[in-house]
Amino acid sequence: MAVKSRIVKGFISLPYNWSMGPTTTRFYEEFKNKRIMGTRCEKCNRVLIPARSFCSGCFVETTNWVQVSDEGTIRTWVLINFSYEGQPMAPPYITGIIDLDGADVGLPHFVGGVELDDLETVAKKVRIGGRVKAVWKENREGHILDIDYFKPIN
Amino acid sequence: MAQAVAIVGTGQTECGRRTDVSYPELVYEAVSRAFDDAGLVPDDIEAVVAGSMPPAMEGVNNPHLYWADAMGAGGKPLIRTATCGSTGISLAHTGFYHVASGMFDLVLVVGAEKMYEGDPQGTMATVADPFFQRPFLAGAPGIFSLQSNEWAHRYGIEEKRVRMAAAQLSVRNHDDALLNPYAHIRIKITVDDVLNSRIIAYPVRLLDVCPASDGACAVIMASERMAKKLGRPTAWIKGVGYCGEQAFFSEGDKVVWQSAINAAKSAYSQAGITNPRKDLDLAEVYNPFTFQEMLFYECFGFCDFGHGCDLVEQGVVMRGGDLPCDPSGGTLCTNPIGATGLQRVSEVVLHVTEKAGDRQIPGAKTGLAHAMGGLDQFNGIMIISSVL
Amino acid sequence: MTQRVAIVDFVQTKHGEALEENVRELTFGVVRKLLDRVDMDRSEIGTMISSSADYWQGTSCSNSYYYDAAGGNLKSGSKVTEDSVFALIYGMMRILSGHHRTALVVGVTKCSECPSENTLTNLAADPFFHRPVGLNTVVAEALQARMYLDQYGPSEEQIARVVVKNMSNAERNPYSHRGGKFSIGEILSSSMMAAPLRCMDVPSTSDGACALLLADEHTARQLTDKPVFIHGIGWSVDHTYIGDRDLLNGALPKAAEMAYSRAGVKNPSKEIDVVELSDVTSFHEIMWMEQLGLCDAGNGFRLVEQGVTALDGRLPVNPSGGLFGANPFVARGLIRVGEACLQLRGEAGDHQVPRVNKALAHSVHGLGGQSHSVVILGN
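Residue numbers (this note's numbering), protein chains in the order written: chain A, 1 to 154; chain B, 1001 to 1388; chain C, 2001 to 2379.
See below:
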């Protein structure tokens, strides 16, 4: 009997409980007070965010906490205009990597507070090297999205 | 022929419910300990091998990339090997071939799992194909019970006798786990406790079954030239064997289990082992379920087929016996799956280098490490010795 | 390396959007055809190394489902995951060890059966930091493309030429999923997906499988008149967090350096005759060319514009059409190696490049190219 291959629908859904460990936990606890904290590696002197318990380069523990600014510079950015299952918000929106003042590594986050209708206008306000500042949510729960987005300044 | 391959350092984490650390931090713990044990730093390492169970176990796709920094792997060659329950031994084999090929002199091998973060049985139920087997096989306990019942029936072993031998193995493993600082389940139990514990998947009862653990293990492998240069306590890999079978569970014979037999045979032939019962001083047999361990004794040539129970009853496989098995407490008491096979390797290394502490088998020179995976489908072996 | 390892033969599926056969059947299909081509019985295979990924199959322990379909029943084997070039590397190591004379290497992915690349690679981001802000491969690639634009200033037209070239090459490749003649205007009028990337800058995914037989030199010469030798391999991984990395100079130069040094390649742009690389976006074909040392940084798009990388150019890149032609996610790297092999054997048909003595194949996975592998092949 000649038949056409049938498609069987499946859906796998599994629950997770991810341990952050105390270092990441504190990193996000500090968010409640609008503080972005990094850890400094005593060997290479880099300030790492998110705060981490070890420096991957030097392979030593990092326990020295330092606060970094919630202002920084856009290293690069993208205007998202596509959708997928599990996406954090409906497009369009902008994602960027922000080099915060006082940190030696970048922070990926949203860039917002900009009208997104026209790409050319966007590109005038959002640019590599442009300055941005965190816009904090009113209610903060200790999560990366306690920062709503980074807003271009100047 | 293959370059000789040494193991010059091992690192294990304490296992159990490790909510105190993130997944990469758990990996970092094992890797740091392996570096300390070998007296090395990440810069010394030329290549890294990493692996775990299906990523759905922890809900992070590409775990090797997530762990890259925790292994000091940035800027180095990194390969991910994953073969289900046998992942740990497959990792050890992958590391072995990195060195045996002559391509690298120092390789870091890492396995980890954080099973409290996900739904282990839910994940493992998706190992079976979605069209034919997935509805029936009910995760690992279901499969192993099917196999154990067939084994006992084939040889006409009285149910009471099988249950008693399995219970004795459970007591042995739990006693040994008390001596192992890295073990997860550390409780004193009796044979009656096992026999009276709740049925999970008949005939397997709660105390016949391994836990799901958080844990990581790291091993550093070296070429002969490098091992001699380092001049540290060294174990040598004498043989490796691996064999896989059909996807459909019911297609092969799981009693005279060809993949287990073949894996042992090729490892023995490389290692020059002709009489495993005599030539081996210990075996770390992968035993997530007590019943299955006796079947492995038969397939690995520790005894004739149908006589696995004898070895338990005669005390051969107990601490102090002829061929002590799982002196670490084994998989039955600790099972962070992606790390489990590599823990078997590490444990044998600790014994043959006389670093096993309270659980040391005195004078052990040669041991076998084993892991099993897939739908009762993959078996892998490594023979490790103190002598090159 | 004292011993040389050769590719005896290579087989791939006719890749497609949603192939009818299931994963076992696709795998069996390519392995059966390969064994027939080299006139070999399954019993003669030394070892079988496969590559697939569990999330990309909807089956945990993905190789458990096809181990026997890949010819592995009662054989020694393993699975290396995410990048099928790792399977080639591991197969090669097993032969170099002397334990095996031949290694069957298999890659398979049916992207039509699993969630989208965007969803699955968002799940590859860590759960606390990268995932909640929606990072995935396309987002990370767009972030890199923006940096490239800012630093070197290519025009949109110059970048779009990569798509025109690859889709046109793909049309000549009988195994392609997609292909065709497109104008620059058509590409530039496709909608903005992740600015600066348009929909047509990013190859969508495919279903496909491939198999390749490796052997030591002696065995290879018995099995084929046209063995292709692996001269060098290199692979490297970058740091976990994307903000820690130099996004325009990551793991690829390290992987390339390792491959070149093992292959004795001193001047890649002169010595390499053809390149099959993983063009995850139009921008990335250019960036990877530069990071492979095939041209100076910031010069890649000019080579494309001058036709240097065209089928009839001095250094053809992706004569097969690359990922624009077919993109079965995990299998795609091994397909690059296989296509390079076809070029060296003069068996690439309508997309054959003249005078090929040395070829480069490249594969990549992870956000923003966290992991790369490079293979140098020769006759």
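In this text, a Cβ means the ideal position worked out from N, Cα and C, and glycines have one as well. This one's a predicted model, so the numbers in the text were calculated from it and none came from an experiment.
Selected residue, minimal CA-CA separation from A/Arg131, among A/Val8, A/Lys32, A/Gly96: Residue mapping note: residue 131 of chain A aligns to position 131 of the first sequence, counting from 1. The residue with the shortest Cα to Cα distance from A/Arg131 is A/Gly96.
Reference C/Lys2033, options C/Glu2271, C/Phe2229, C/Cys2210, C/Val2023, closest by Cα: The residue you call residue 2033 of chain C lines up with position 33 of the third sequence. The option with the nearest alpha carbon to C/Lys2033 is C/Cys2210.
Beta carbon proximity, B/Asp1105 to chain A, threshold 7 Å: Taking the second sequence and counting its residues from 1, one reaches residue 1105 of chain B at position 105. Not one chain A Cβ lies under 7 Å of B/Asp1105.
Reference A/Glu200; option with closest CA among C/Pro2196, C/Pro2316, C/Gly2333, C/Ser2052: The question about residue 200 of chain A has no answer, for chain A in this structure spans 1 to 154.
The region 1149-1157 of chain B contacting the region 47-59 of chain A, beta-carbon criterion three pairs below 8 Å: no
Coarse secondary structure for B/Met1057, derived from DSSP in three states: As a first step, residue 1057 of chain B must be located in the second sequence, where it is residue number 57. B/Met1057: helix per DSSP, three-state reduction.
Short CB-CB distance (under 7 Å) between C/Gln2144 and chain B: Residue mapping note: residue 2144 of chain C aligns to position 144 of the third sequence, counting from 1. Output row for C/Gln2144: interface = no.
Exposure of B/Arg1033, with buried meaning 16 or more beta-carbon neighbours within 10 Å: The residue you call residue 1033 of chain B lines up with position 33 of the second sequence. So B/Arg1033 ends up on the buried side.
Cβ neighbours of B/Asp1310 in the same chain (closer than 7 Å, five flanking residues each side left out): Within the second sequence, residue 1310 of chain B is the residue found at index 310, counting from 1. Closer than 7 Å at the Cβ level, and outside the excluded window around B/Asp1310, lie Cys1303.
B/Asp1119 at chain A interface by Cβ criterion, 7 Å: Here residue 1119 of chain B refers to the residue found at position 119 of the second sequence. Yes - at least one Cβ of chain A is within 7 Å of the one on B/Asp1119.
Cβ pair C/Arg2037, C/Thr2219 closer than 7 Å: What you label residue 2037 of chain C is simply residue 37 of the third sequence in a count that begins at 1. What you label residue 2219 of chain C is simply residue 219 of the third sequence in a count that begins at 1. Contact: no.
C-beta atoms of B/Val1219 and B/Thr1010 nearer than 7 Å: The residue you call residue 1219 of chain B lines up with position 219 of the second sequence. The residue you call residue 1010 of chain B lines up with position 10 of the second sequence. Contact flag set, yes.
CB of C/Cys2114 within 7 Å of CB of C/Gly2058, strictly: Along the third sequence, one-based indexing puts residue 2114 of chain C at 114. Along the third sequence, one-based indexing puts residue 2058 of chain C at 58. Their beta carbons are under 7 Å apart, which means C/Cys2114 touches C/Gly2058 by this criterion.
is_contact[A/Pro108, chain C] using C-beta, thresh 7 Å: On the first sequence, residue 108 of chain A is found 108 positions in, with the first residue counted as 1. With 7 Å as the cut-off, A/Pro108 counts as an interface residue toward chain C.
Contact list for the region 2234-2264 of chain C against chain A, Cβ threshold 9 Å: His2239, Thr2240, Tyr2241, Ile2242, Gly2243, Asp2244, Arg2245, Leu2247
Residue-level contact to chain C via CB, B/Thr1340, 7 Å cutoff: Working through the second sequence from its first residue, we reach residue 1340 of chain B at position 340. No, no contact with chain C.
Beta-carbon gap between B/Ala1212 and B/Gly1329 smaller than 7 Å: Taking the first residue of the second sequence as position 1, residue 1212 of chain B is located at position 212. Taking the first residue of the second sequence as position 1, residue 1329 of chain B is located at position 329. Result no, Cβ atoms of B/Ala1212 and B/Gly1329 do not sit closer than 7 Å.
Residue-chain proximity (B/Ile1079, chain C), Cβ-Cβ < 7 Å: To locate residue 1079 of chain B, count along the second sequence from 1; it is residue 79. True, the Cβ-Cβ gap to chain C drops below 7 Å.
C/Arg2032 - containing alpha helix (DSSP H), residue span: Numbered from its first residue, the third sequence carries residue 2032 of chain C at position 32. That run of the alpha helix (DSSP H) goes 2023-2038.
Residue-level contact to chain A via CB, C/Ser2116, 7 Å cutoff: Counted from its first residue, the third sequence places residue 2116 of chain C at position 116. For C/Ser2116, the answer is yes, since a Cβ of chain A falls inside 7 Å of its Cβ.
Distance, B/Ala1100 Cα to C/Met2001 Cα: To locate residue 2001 of chain C, count along the third sequence from 1; it is residue 1. To locate residue 1100 of chain B, count along the second sequence from 1; it is residue 100. Summary for C/Met2001: the model assigns pLDDT 45, below 50, so the residue's position carries little reliability; its value from the coordinates is reported in the next sentence. In a straight line, the C-alpha of C/Met2001 is about 12 Å away from that of B/Ala1100.
Bridge-paired residues (DSSP) for C/Ser2373: Translated into the one-based positions of the third sequence, residue 2373 of chain C becomes position 373. DSSP lists C/Trp2235, C/Ser2363 as partners of C/Ser2373.
Contacts that B/Glu1233 makes with chain A (C-beta to C-beta distance below 7 Å): Translated into the one-based positions of the second sequence, residue 1233 of chain B becomes position 233. The amino acid at residue 1233 of chain B is misidentified as Glu; the sequence shows Pro. Result: empty, since nearest Cβ-Cβ is about 22 Å, beyond 7 Å.
Rounded C-alpha distance that separates C/Thr2109 from B/Ile1157: Reading the third sequence from its first residue, position 109 is the one you call residue 2109 of chain C. Reading the second sequence from its first residue, position 157 is the one you call residue 1157 of chain B. Distance between the alpha carbons of C/Thr2109 and B/Ile1157: 45 Å.
Collapsed DSSP secondary structure at C/Met2001 in the structure displayed: Working through the third sequence from its first residue, we reach residue 2001 of chain C at position 1. No answer about C/Met2001 holds up, because its pLDDT of 45 lies below 50 and its placement is not dependable.
Among B/Met1053, B/Ala1112, B/Thr1274, the one whose alpha carbon lies nearest that of B/Thr1083: Against the second sequence, residue 1083 of chain B aligns to sequence position 83. Closest by alpha carbon: B/Met1053.
Integer Cβ distance of B/Thr1094 from B/Gly1111, believed to fall under 8 Å: For the purposes of this step, residue 1094 of chain B is identified with residue 94 of the second sequence, where counting begins at 1. For the purposes of this step, residue 1111 of chain B is identified with residue 111 of the second sequence, where counting begins at 1. The Cβ separation is near 11 Å, so there is no contact.
B/Trp1151, DSSP secondary structure in three states: As a working note, residue 1151 of chain B is residue 151 in the second sequence. If DSSP states are grouped into helix, strand and coil, B/Trp1151 belongs with the helices.
Rounded straight-line distance, which links the Cα of C/Arg2355 to that of A/Asn17: In the first sequence, counting from the first residue as 1, residue 17 of chain A sits at position 17. In the third sequence, counting from the first residue as 1, residue 2355 of chain C sits at position 355. Whole-angstrom Cα-Cα distance: 57 Å.
Residue-level contact to chain B via CB, C/Asp2126, 7 Å cutoff: Stepping through the third sequence from its first residue, residue 2126 of chain C is reached at position 126. C/Asp2126 counts as touching chain B.
Boundaries of the alpha helix (DSSP H) in which B/Ile1383 is found, first to last residue: Looking up residue 1383 of chain B in the second sequence gives position 383. Where B/Ile1383 is concerned, there is no enclosing alpha helix (DSSP H), although the beta strand (DSSP E) it sits in stretches over 1378-1385.
Endpoints, the alpha helix (DSSP H) within which A/Gln87 is located: In the first sequence, counting from the first residue as 1, residue 87 of chain A sits at position 87. Neither: A/Gln87 is in no alpha helix (DSSP H) and is coded neither H nor E.
Per DSSP, cross-strand counterpart(s) of C/Cys2210: In the third sequence, the residue the question calls residue 2210 of chain C occupies position 210. Answer is C/Gln2012, C/Gly2107, bridged to C/Cys2210.
C-beta neighbour in chain C for B/Cys1299, strict 7 Å: On the second sequence, position 299 is the one that residue 1299 of chain B refers to. No, B/Cys1299 lies away from the interface with chain C (no Cβ there is under 7 Å from its Cβ).
Neighbourhood of C/Leu2248 by C-beta distance below 6 Å, restricted to the same chain and skipping five residues each side: The residue labelled residue 2248 of chain C in the question sits at position 248 within the third sequence. Hits under 6 Å: Met2147.
Minimum Cβ-Cβ distance from A/Trp65 to chain B less than 7 Å: The residue you call residue 65 of chain A lines up with position 65 of the first sequence. A/Trp65 does not count as touching chain B.
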